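What follows is a single structure, written as structure tokens, with notes after it.
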Amino acid sequence: VLEKVTENCKLTEFVGTAIGNTIGLVIANVDSELHEKMGLDKKYRSIGIFGGRTGAGPQIMAADEAVKATNTEVVAIELPRDTEGGAGHGSLIIFGAEEVSDARRAVEVALKDLNRTMGDVYVNSAGHLEFQYTARASYAIQKAFNAPVGQAFGLLVGAPAAIGVLLCDTAVKAAEIEVISYLSPSTTSHTNESILAFSGDSGAVRQALIAAREVGLQLLSALGGPCKSLTQPYI
Amino acid sequence: VLEKVTENCKLTEFVGTAIGNTIGLVIANVDSELHEKMGLDKKYRSIGIFGGRTGAGPQIMAADEAVKATNTEVVAIELPRDTEGGAGHGSLIIFGAEEVSDARRAVEVALKDLNRTMGDVYVNSAGHLEFQYTARASYAIQKAFNAPVGQAFGLLVGAPAAIGVLLCDTAVKAAEIEVISYLSPSTTSHTNESILAFSGDSGAVRQALIAAREVGLQLLSALGGPCKSLTQPYI
Amino acid sequence: VLEKVTENCKLTEFVGTAIGNTIGLVIANVDSELHEKMGLDKKYRSIGIFGGRTGAGPQIMAADEAVKATNTEVVAIELPRDTEGGAGHGSLIIFGAEEVSDARRAVEVALKDLNRTMGDVYVNSAGHLEFQYTARASYAIQKAFNAPVGQAFGLLVGAPAAIGVLLCDTAVKAAEIEVISYLSPSTTSHTNESILAFSGDSGAVRQALIAAREVGLQLLSALGGPCKSLTQPYI
């Protein structure tokens with residue numbers, strides 16, 4: 001799972017690829033019948049398409065940065081059960097824009113930022129851990145997790161789900177955070193994950209994540225041996 | 001994923017195997033309690049069972065040919081999330097028949113036709129593409145996709161789903177087709193696919209498929225390198 | 001997929017690991033907000049956590065033995081779509097206890113028993129078969145399958161689901177059993193399995209399982225070559 005820079009696709013709709021078998025595309029003017037079948041907001045004829053086989057959290061966090069940086073909106077987030085045989089999700093995120101140049105820019109920002117947001121994803125043969133942090137959530141995170149815009153936001157994922165349960169408990173005990181949602185296999189796309197989404201003071205959010213990460217790395221290592229960051233930790 | 005000809009199973013219920021870890025079986029007289037629990041139509045005591053780990057579209061198309069060629073009905077189509085770690089579905093298709101010989105014949109036809117219907121399935125490590133065409137849809141396709149019987153039918157699948165979205169747009173712009181349904185991860189069995197089912201004039205259906213295939217092969221190659229047909233393209 | 005004895009995790013919450021990337025943990029005093037979000041019964045502040053990547057039936061059967069042997073209750077069973085790229089489920093099982101020592105003991109019993117309950121799980125590259133038997137079902141089996149407590153219970157699983165359908169028919173024809181439930185891809189977590197849960201006289205339950213096992217091994221071998229027990233058969 002390495003970053004790929006693909007320059008050899010000549011389609012005008014192609015933007016690029018990134019870690020996690022993630023691809024970025026644009027459509028300048030979505031066919032009106034398809035537009036309706038997709039249930040998109042009518043005000044956006046241009047869309048950016050951003051999705052991968054491995055990872056939902058990393059793509060959502062990267063899309064959140066893209067939304068902050070561009071004149072676009074996240075109009076759809078869908079979470080397949082995937083991770084290429086692993087325990088988690090894949091992702092399909094659609095940006096809506098009035099101009100295709102805005103959609104393209106959003107996809108470019110998201111593709112580029114994905115290397116960062118994969119940094120606190122830790123993997124071994126037994127499962128994975130994921131930790132995400134932002135000092136200021138924007139509209140992609142709000143859409144995905146119903147998190148308050150403008151506040152610090154944290155996300156933790158533990159797979160298999162048994163590990164995730166303990167990480168959730170660790171996080172809420174480590175700092176004064178506000179739990180937005182607890183997700184488990186019956187409330188995800190049948191992933192083998194337990195997930196906590198939370199907001200709060202930025203220091204508290206970080207503290208909760210760091211405490212959970214410390215516990216998670218011990219547990220996942222005990223189950224499946226050394227586990228390492230997919231890129232470079234950022235939290 | 002190669003075709004296997006297995007002659008070494010002596011069970012009378014065994015019919016054969018085919019590509020995609022697909023197996024074909026018959027039951028001459030389904031136990032009445034199980035029959036009821038399975039929710040099958042009471043008029044059929046004999047069933048044919050046809051399903052695989054990889055592929056739903058190919059098995060549905062092959063079952064459609066089997067229904068055309070035999071005195072059977074497709075009474076159930078179920079779509080697990082599978083593809084053996086890939087991005088798509090598996091399949092479980094049940095033929096109902098009054099005579100077990102009819103059920104067996106349907107399964108034989110479907111097993112044999114599967115090699116053809118896997119022909120426009122293209123795979124690499126990043127995902128898969130699938131294109132299916134028939135000049136005249138029958139009752140299996142109607143049951144699976146609510147397609148009009150007797151008309152030309154096209155199916156396209158792109159995985160990861162981000163690629164599929166663009167293929168759907170390409171197809172509807174390439175020819176005058178009638179979209180039956182657009183499916184995405186939230187409306188499939190959580191696969192990482194976007195799917196378009198459509199009907200129309202046979203020339204238009206083929207044109208839409210060929211246009212989407214051309215785009216799909218470029219995109220999937222850009223993401224994961226060369227991708228090739230599982231058998232021999234037929235469209 | 002071998003049993004792992006991991007003694008190197010120093011967390012007090014860690015109990016151990018077992019076959020199928022299964023882990024066992026305890027929380028002495030679940031955070032009250034998380035407790036509520038998890039929907040747990042308020043009378044249990046201590047929980048045992050027991051879950052794996054591969055296997056739901058084996059973990060449920062092992063949990064049933066744990067419940068019989070300890071002062072605990074199974075308060076949640078969730079079934080992700082998993083098996084690490086295979087055709088079946090993973091598992092997340094929560095024991096509730098008034099004392100953490102009880103929760104720990106339940107997890108220990110379950111981890112230890114898992115080697116036995118993986119014994120009639122047979123795997124090859126094409127799929128898997130699973131057979132489970134107990135002379136006396138307890139509350140974990142009741143919660144998972146709505147089976148009558150105190151009676152003999154049998155469970156059979158065939159994957160791909162096409163094989164499972166025939167095994168279900170074989171079992172109900174082989175002995176006088178009472179079918180509790182028939183599950184297929186549309187009623188599981190989108191697994192590629194057909195599943196039969198049944199009760200009855202202990203001799204009949206065993207007879208049904210043995211008949212289905214004999215057929216299943218022939219079919220799965222015909223599809224994917226030799227398939228073998230993950231540990232040692234116990235039925």
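Chains as they are written, first to last, in our numbering: chain A, 1 to 235; chain B, 1 to 235; chain C, 1 to 235.
Glycine included, every Cβ here is placed at the ideal spot set by N, Cα and C.
Here the structure is a predicted model, which means the values were calculated and not measured.
Residue span of the beta strand (DSSP E) that contains residue i, given as start and end
i, result
"C:V179", "178–183"
"C:N71", "Neither: C:N71 is in no beta strand (DSSP E) and is coded neither H nor E."
"A:Y122", "121–124"
"B:T17", "14–18"
For residue i: DSSP bridge partner residues
i, result
"A:G48", "A:V26, A:F95"
"B:S101", "According to DSSP, B:S101 bridges with nothing at all."
"A:A152", "A:G200"
"A:G262", "One cannot answer for residue 262 of chain A here, as it falls past the ends of chain A, which runs 1 to 235."
"C:R81", "C:H89"
"B:T188", "Paired residues: none, contrary to the question."
"C:K43", "For C:K43, which the question treats as bridged, DSSP gives no partner whatsoever."
"A:S229", "A:Y122"
"A:A76", "A:I94"
7 Å Cβ cut-off: residues of chain C touching residue i
i, result
"B:M38", "Y182"
"A:K228", "Neighbours of A:K228 on chain C: none; closest Cβ ~18 Å, over 7 Å."
"B:N8", "A222"
Check whether residue i and residue j have beta carbons under 8 Å apart
i, j, result
"A:I141", "A:D41", "no"
"C:Q132", "C:G154", "yes"
"C:A56", "C:L79", "yes"
"C:A152", "C:D201", "yes"
"A:G24", "A:V107", "yes"
"B:G119", "B:A159", "no"
"C:V205", "C:Y139", "no"
"B:A161", "B:N192", "yes"
"A:C168", "A:L196", "yes"
"A:H190", "C:R53", "no"
"A:G16", "A:N124", "no"
"A:L220", "A:Y122", "yes"
"A:P58", "A:G88", "no"
"B:T22", "B:G51", "yes"
"B:L156", "B:E130", "yes"
Residue i, enclosing alpha helix (DSSP H) - first and last residue
i, result
"A:A212", "202–224"
"B:G164", "161–174"
"C:A137", "Run containing C:A137: none; DSSP gives neither H nor E here."
"C:L11", "C:L11 -> no alpha helix (DSSP H), and no H or E assigned at all."
Closer than 8 Å at the beta carbon, the chain B residues around residue i
i, result
"A:F145", "None at all; the shortest Cβ gap to chain B is about 16 Å."
"C:V179", "E33, L34, K37"
"A:I49", "A162, V165, L166"
"C:G127", "N21, R53"
"A:I27", "V165, L166, D169"
"A:G90", "A87, P160, A161, P185, N192"
Under 7 Å from the C-beta of residue i: neighbouring residues of chain B
i, result
"A:D82", "A87, N192"
"C:S186", "E78"
"C:Q156", "Sequence check: residue 156 of chain C is Leu here, not Gln. The contacting residues do not exist; C:L156 stays about 12 Å from chain B at best."
Nonlocal neighbours in the same chain, by C-beta distance under 6 Å from residue i, ignoring five residues either side
i, result
"C:T170", "A211, A212, V215"
"B:V5", "Below a pLDDT of 50, predicted positions are generally treated as unreliable, and B:V5, at 46, falls in that range; no measurement from the model is reported."
"A:I150", "Per the sequence presented here, residue 150 of chain A reads as Gly, with Ile not at that position. Result list for A:G150: R136, in chain order."
"C:L2", "Because C:L2 carries a pLDDT of 37, less than 50, the predicted location of this residue cannot be relied on, and the following value inherits that uncertainty. Contacts found: none."
"B:T231", "N115, M118, G119"
"C:T83", "T54"
"C:P148", "S199"
Cross-chain neighbours of residue i in chain C, by beta carbon under 8 Å
i, result
"B:V30", "D169"
"A:V172", "D31, E33, L34"
Neighbour list for residue i in chain A, Cβ cutoff strictly below 8 Å
i, result
"C:T17", "A222, L223"
Spatial neighbours of residue i in its chain, beta-carbon cut-off 7 Å, leaving aside the 5 residues before and after
i, result
"C:Q218", "none"
"A:A103", "V26, S46, I47, G48, T72, F95, A97"
"C:T70", "D102, R105, A106, V109"
"A:I77", "I60, I93, K143, A144"
"B:Q207", "A174, A175"
Contacting residues, own chain, Cβ-Cβ under 8 Å from residue i (five flanking each side not counted)
i, result
"C:V165", "G158, S184, S194"
"C:E178", "F198, S199, G200"
"B:A222", "none"
"C:M38", "V30, A76, I94"
Contacts of residue i in chain A (Cβ-Cβ under 7 Å)
i, result
"B:P148", "Here the premise fails: no neighbours, minimum Cβ distance about 17 Å."
"B:V215", "L11"
beta-carbon residue i near the ligand HEM non-hydrogen atom, thresh 7 Å
i, result
"B:A18", "This structure lacks the ligand HEM; in fact it carries no ligand of any kind."
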